[in-house]
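Q: Numbering (the numbering used here), first residue to last: 82 to 384.
A virtual CB, placed ideally from N, CA and C, is assigned to each residue, including glycine.
Treat the numbers as computed from the prediction; the structure is a model and nothing was measured.
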């Protein structure tokens, strides 16, 4: 059962939206595309890897790393950050290799940026990539019933939005967000009068993600769709989020999610670190990657 939009959360966000149903802007789950445009393949270090297209747009590509030993393995989907308007999967290669070395089949995603298409295109792309991976699981030694999604910053927002899409997604065992933007509305409110550059920049980035419109009137629906916590339901995947205590995407973002998912019995674990490091810089702090990897292993089963 989908939770209602709470008045207290609206007040916290500092804006008022025209009331809409929680799933008013929900798109149907996209069907998988055919595998096209195999760009590269090799067997370095015992791994095979290739880049495949899951759609016709140039950004609709993902790198796949797997161990070609005939054994089905749990999957890890990685989603890069970059204000929804920049970034690229190529910057994730060291993290890809970490999870491949741990024995997972790894999918490293690009997606349409906010300059290419407004929300929910980014969520739709991630869902399409997952659908393609599950359809072709045998090709990549992937167990389609056992995978997690890990996102960084804006990619954490996309990952968390997958986690609360519908009433659970087949095979999804957990979602991890590093500095995830759980509430674009909160970011919009926080950045309005802030003197902090990154908070102002995030406000502008959220507006661009929504197609250039602010959260009122006809734009209420897309902003409601962007709010991860508002779509909580009882079959959603457990989530782990990591924030620095004083970064521009504060732990409060994840506390909103913990409250809403907690109401329907879905566990959310929040890790906070001292300092201001954000996203991949936070992930690289001593001990953080290890804690994330341990949580993932618990969800998927030790490799």
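Are residue 317 and residue 244 close, meaning C-beta to C-beta below 7 angstroms?
A: Yes, the pair counts as a contact, with Cβ atoms nearer than the cut-off.
Q: Start and end of the alpha helix (DSSP H) containing residue 179?
A: Note, residue 179: alpha helix (DSSP H), 174 to 182.
Q: Just verifying my parser: in three-state terms, what is the DSSP assignment at residue 322?
A: Here residue 322 sits in strand by DSSP.
Q: If I'm right that residue 265 touches residue 240 with Cβ under 8 angstroms, what's the distance once you round it to whole angstroms?
A: 14 angstroms between Cβ atoms; not a contact.
Q: Pairs of beta-carbons, one from the region 185 to 195 and one from the region 165 to 174, closer than 8 angstroms: are there three or more?
A: As far as the Cβ criterion goes, the region 185 to 195 touches the region 165 to 174, which means the pair count is three or higher.
Q: Here's the rule: buried if 16 or more other CB atoms are within 10 angstroms of the residue's CB, otherwise exposed. What is residue 306?
A: That one is buried.
Q: So what does DSSP say about residue 131, is it helix, strand or coil?
A: Residue 131: strand per DSSP, three-state reduction.
Q: DSSP on residue 245, reduced to helix/strand/coil?
A: In this structure, residue 245 counts as coil in the three-state DSSP scheme.
Q: Just the C-alpha distance for residue 361 and residue 340, rounded to the nearest angstrom, thanks.
A: Going by the C-alpha atoms only, they are around 26 angstroms apart.
Q: With DSSP run on the structure shown, which of helix, strand or coil describes residue 265?
A: Residue state, collapsed to three classes: helix.
Q: Using CA coordinates, which residue listed in 330, 221, 355 is at the minimum distance from residue 388?
A: Because the chain in this structure spans residues 82 to 384, residue 388 falls outside the shown range and cannot be described.
Q: Out of 162, 348, 382, 355, which has the shortest C-alpha to C-alpha gap to residue 332?
A: Considering only alpha carbons, the answer is 355.
Q: State the DSSP-derived secondary structure class of residue 368, mapped to helix, strand or coil.
A: Here residue 368 sits in coil by DSSP.
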